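In structure tokens, the structure reads:
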């Protein structure tokens with residue numbers, strides 16, 4: 001099972017062209033009442049690079065917060081595969 005995990009390297013997402021940015025802001029303003037009022041975990045303009053995890057390259061990955069290392073989708077996939085393997089024998 002190859003899991004893509006966040007690395008230590010982060011990069012800043014640059015804003016699009018002026019027209020694209022105006023359209024995005026307009027759509028965001030129109031759909032703003034539909035979005036839940038939740039504080040973002042990190043700024044939207046900073047993204048982390050994700051790579052398939054391997055123990056040989058463990059030094060590249062951000063292992064500082066082991067409780068939040070896996071997102072909920074990945075965690076549920078791991079549990080599902082573990083249960084299937086346990087049932088098969």
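In full-length UniProt numbering, the protein residues as written are 1 to 89.
Built from N, CA and C at the ideal position, the CB exists for glycine as well.
Please read these numbers as outputs of a predicted model, since none were measured by experiment.
Looking at the DSSP output, residue 12 bridges to 46. With fewer than three CB-CB distances shorter than 8 Å, the segment 12-30 does not count as touching the segment 66-80.
When DSSP states are grouped into helix, strand and coil, residue 51 belongs to the strand group.
With fewer than 16 other beta carbons inside 10 angstroms of its own, residue 85 counts as exposed. With contacts defined as CB atoms closer than 8 Å, residue 22 and residue 61 fail to qualify as a contacting pair.
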